[in-house]
Amino acid sequence: MPQIEVGEAYEATTSALQAAKGQRLSLRRAIGGLEQVLTQTPAAAEGDDTGAWLERLGGALAHLDEVFAVHVQVTEGAGGLYQEIVENAPRLANRVGRFRREHADIGAAIRRGIAEAKVAGRDAGEVAALRDHAVRLLADLVRHRKRGLDLVYEAYHVDIGGES
Numbered sequence: 000m001p002q003i004e005v006g007e008a009y010e011a012t013t014s015a016l017q018a019a020k021g022q023r024l025s026l027r028r029a030i031g032g033l034e035q036v037l038t039q040t041p042a043a044a045e046g047d048d049t050g051a052w053l054e055r056l057g058g059a060l061a062h063l064d065e066v067f068a069v070h071v072q073v074t075e076g077a078g079g080l081y082q083e084i085v086e087n088a089p090r091l092a093n094r095v096g097r098f099r100r101e102h103a104d105i106g107a108a109i110r111r112g113i114a115e116a117k118v119a120g121r122d123a124g125e126v127a128a129l130r131d132h133a134v135r136l137l138a139d140l141v142r143h144r145k146r147g148l149d150l151v152y153e154a155y156h157v158d159i160g161g162e163s
C-alpha cells in the first residue's frame, strides 16, 4: 500500500480498514446491550428480580467479551488495522500503543464484571458496586470507540462512521 502524505485525502479500501469498519457495528451493538441492561434498575437488595438482572448483566458482559475479543484481533492481529496505521503513519505509533494497553484494561474490566455478576450476592451494596463498575466500563468503551474514530481519521483521512 502506498504511503499517505500528510494532508492528502485518501479513500481507503484496505482489507484491514474494511474489517475494522465491519466489526465496528457488532461492537456498538454489544455496547448497546450492556447499556440496555444498565438502564434497568436492579430490584431492591433481595428477590428474584435482582438475580434475573445479574443474569442479564452477566450475559451482556459475556457477549461483549466475545465481540471485544474480535475487535482486538481485527485491530491488533497480524495484518490488522494498527499494523497498517503504523506502517502508513508512523507518527501515530505511540497512540496505537496506548490503544493496545487500553484493550488490555478494557478486556480485564469486562472479565472482572462477568466474574462478579456470577458471584454477586443479593446484598444491595454488592449489586450497586457491580453496577457502578459496569457503568464505568460502558463509559470507557464509548470513549474508546470515539478515540478510535479519531485515530482512523487521522491516519487515513476517512470517517468510518460514528453511527455504526
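Counting from 0, one number per residue, gives the positions in the sequence shown under numbering that gives the first Met the number 0.
Virtual Cβ for every residue (Gly too), placed ideally from N, Cα, C.
Residue i and residue j closer than 9 Å at C-beta
i	j	result
Arg111	Val66	no
His62	Gln22	no
Leu26	Arg146	no
Same chain, Cβ closer than 7 Å to residue i, neighbours up to 5 away in sequence not counted
i	result
Ala15	Gly78, Gly79, Leu80 and Glu83
Glu34	Leu137
For residue j and residue i, the rounded distance between their alpha carbons
i	j	result
His102	Arg135	15 Å
Ala127	Glu86	45 Å
Ala51	Lys117	11 Å
Gln17	Ala92	20 Å
Thr74	Phe98	9 Å
Glu45	Glu54	Residue placement at Glu45 cannot be trusted, given a pLDDT of 48 that sits under 50; the coordinates are not used to answer.
His156	Pro41	43 Å
Gln39	Leu140	19 Å
Sequence-distant residues of its chain with Cβ nearer than 6 Å to residue i (five each side left out)
i	result
Glu153	none
Backbone secondary structure at residue i - three-state DSSP
i	result
Gly79	coil
Pro89	helix
Asp64	helix
Thr40	coil
His156	coil
Residue nearest to residue i in terms of C-alpha spacing, selected from the options
i	options	result
Thr76	Leu91, Ala19 and Thr38	Going by the sequence as given, residue 76 is Gly instead of Thr. Comparing Cα-Cα distances from Gly76 to each of Leu91, Ala19 and Thr38, the minimum goes to Ala19.
Leu129	Leu140, Glu115 and Asp139	Glu115
Pro89	Gln22, Leu150 and Asp64	Leu150
Ala133	His70, Arg146, Leu60 and Lys117	Leu60
Ala108	Ala123, Leu137 and Thr49	Leu137
Arg142	Leu24, Ser25, Gly21 and Ile105	Ile105
Leu37	Phe98, Leu56 and Ala68	Leu56
Asp64	Thr49, Gly32 and Gly124	Gly32
Cβ of residue i within 9 Å of any chain C Cβ
i	result
Leu16	Among the chains in the structure shown there is no chain C, since it carries only a single protein chain.
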